[in-house]
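Working notes, structure below.
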Amino acid sequence: MHFSEDDLREALKRKDPGEGFTQRTMARVNQAGTEGTKQPATKKANGKFLAWWMLRPAWAMAVVAVLLLAFGIGGYQYSEYRHAEEMRMARVKQQQLQQEAERARDQAIMALEIARAKMNHVLRHAQLQAEPNDKIRRERL
Amino acid sequence: MEQTAAFEDDRLNLALNRALTGDAQAFADLVREHQGMVFSIAYHFLQDRSLAEDLAQEVFLELFQSIDRIQSPAHLTYWLRRVTANRCIDQGRKKHRRREMALEEAPEPMVASAHADPMLLERLQQSLATLPERQRLVVIMRFQEGLGPAEIAEVLEMPVNTVKSTLHRSLADLRKGLTRKIREVRYAFF
Chain Z
167 MHFSEDDLRE ALKRKDPGEG FTQRTMARVN QAGTEGTKQP ATKKANGKFL AWWMLRPAWA
227 MAVVAVLLLA FGIGGYQYSE YRHAEEMRMA RVKQQQLQQE AERARDQAIM ALEIARAKMN
287 HVLRHAQLQA EPNDKIRRER L
Chain V
10 MEQTAAFEDD RLNLALNRAL TGDAQAFADL VREHQGMVFS IAYHFLQDRS LAEDLAQEVF
70 LELFQSIDRI QSPAHLTYWL RRVTANRCID QGRKKHRRRE MALEEAPEPM VASAHADPML
130 LERLQQSLAT LPERQRLVVI MRFQEGLGPA EIAEVLEMPV NTVKSTLHRS LADLRKGLTR
190 KIREVRYAFF
């Protein structure tokens, strides 16, 4: 069956809501007016917010998906940051330990040097004590 | 003709200004002026007289509460169309109902023009009720309100190209729906 746009216009012609619609509407408006306009305004706002969820489930799903994605990426980046930070701290600690070890080795070497010098000195004195000739000893000293 | 339109505009402007000051009679004039439009959008969408009346009253109640935001008669018409469309979608989702119409709920017979076929018009309305909500609203805005794609896009918050494609698809669906109905009738008879 074919129809023209005029047929569609005819089918969708404006209809009259009937006798007394204005009076019924005004009665409702007056009733709402006497009940106070502030309260319905808040209710309406809540209703709108709820209606947003109900009317646009696709949008709500998209928002949830974006939030999950954002949290996921944020969490991943935070864990990456934590890992990098731990690695950096470990490297710094290792460097500190290495420096301390080098310092300890240097100190140990110095102590050995001092000990060696003292030992040589004592040894030389001991050898001189053993020499009978005082002259030779003085010369050597 | 232009003079009548200008006079009408002045009258509505005056009523709006008076309604803004809290004049109930002026608000009633505004309701009387726009009730046909609001009720018809709701009725063509919901295909239920009492639901449509209830919805139209809610729209006017909301208008009463937000009248201070209305800037001009044109803005009022736009606002009413938009709020009615949103409430229609809301109502449609709430009910999740397909068209179930008792005989006594049937619309009053239209004053059909000389060339209009009443059966075709009824079938068109039935097919319209089977369209998805957005498509139905686009068709109603186009053929009841006579809006162009840009205006429909503004009222329904859709891109203009989407409106055009939706309109095209809706008309195709309506044609398909009508053909299917005719076939069903033929099978029933033969």
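Protein chains in written order, with my numbering: chain Z, 167 to 307; chain V, 10 to 199. Glycine included, C-beta positions come from ideal geometry on N, C-alpha and C.
Practice task
Could you name each continuous alpha helix (DSSP H) segment of 4 residues or more that falls completely within the region 53 to 108 of chain V, going from the start of the chain to the end?
Solution key: 58 to 74 and 82 to 104
Problem - Endpoints, the alpha helix (DSSP H) within which F169/Z is located - result: Note, F169/Z: premise wrong, no alpha helix (DSSP H); not H, not E.
Handout entry: Where P158/V sits in the DSSP three-state scheme
Key = helix
Problem - Closest residue to E42/V among Q243/Z, F187/Z, R194/Z and M276/Z (Cα-Cα distance) - result: F187/Z
Exercise for the section: Could you confirm whether any beta carbon from chain V is found closer than 9 angstroms to the beta carbon of A228/Z? Expected result: no
Handout entry: Which of helix, strand or coil DSSP assigns to G186/V
Key = helix
Problem - Contacts that I79/V makes with chain Z (C-beta to C-beta distance below 7 angstroms) - result: Here the premise fails: no neighbours, minimum Cβ distance about 15 angstroms.
Handout entry: Sub-9 angstroms separation of L5/V and L64/V beta-carbons
Key = The shown model of chain V, from 10 to 199, leaves out residue 5/V, and the question about it has no answer.
Handout entry: For D182/Z, three-class secondary structure by DSSP
Key = coil
Handout entry: M253/Z in three-state terms, based on DSSP
Key = helix
Handout entry: C-beta neighbour in chain Z for E117/V, strict 9 angstroms
Key = Confidence at E117/V is low in this model, with a pLDDT of 48, below 50, so the placement of that residue is unreliable and no value is reported for it.
Exercise for the section: Starting from L133/V, trace the alpha helix (DSSP H) both ways and give me its first and last residue. Expected result: P127 to A138
Exercise for the section: Count the other CB atoms, across all protein chains shown, that sit within 10 Å of the CB of W88/V; report buried if there are 16 or more and exposed otherwise. Expected result: buried
Problem - Stretch-stretch touch, CB-based, cutoff 8 angstroms, three pairs: the region 169 to 177 of chain V with the region 142 to 150 of chain V - result: yes
Problem - Cut-off 6 angstroms between Cβ atoms - residues of its own chain near A162/V, not counting five sequence neighbours on either side - result: V169 and V172
Exercise for the section: Compute every distance between the C-beta of Q74/V and the non-hydrogen atoms of the ligand MG, then say whether any falls below 8 angstroms. Expected result: Absence of the ligand MG from the depicted structure is noted, as is the absence of any ligand whatsoever, leaving it without description.
Handout entry: Minimum Cβ-Cβ distance from M192/Z to chain V less than 9 angstroms
Key = yes
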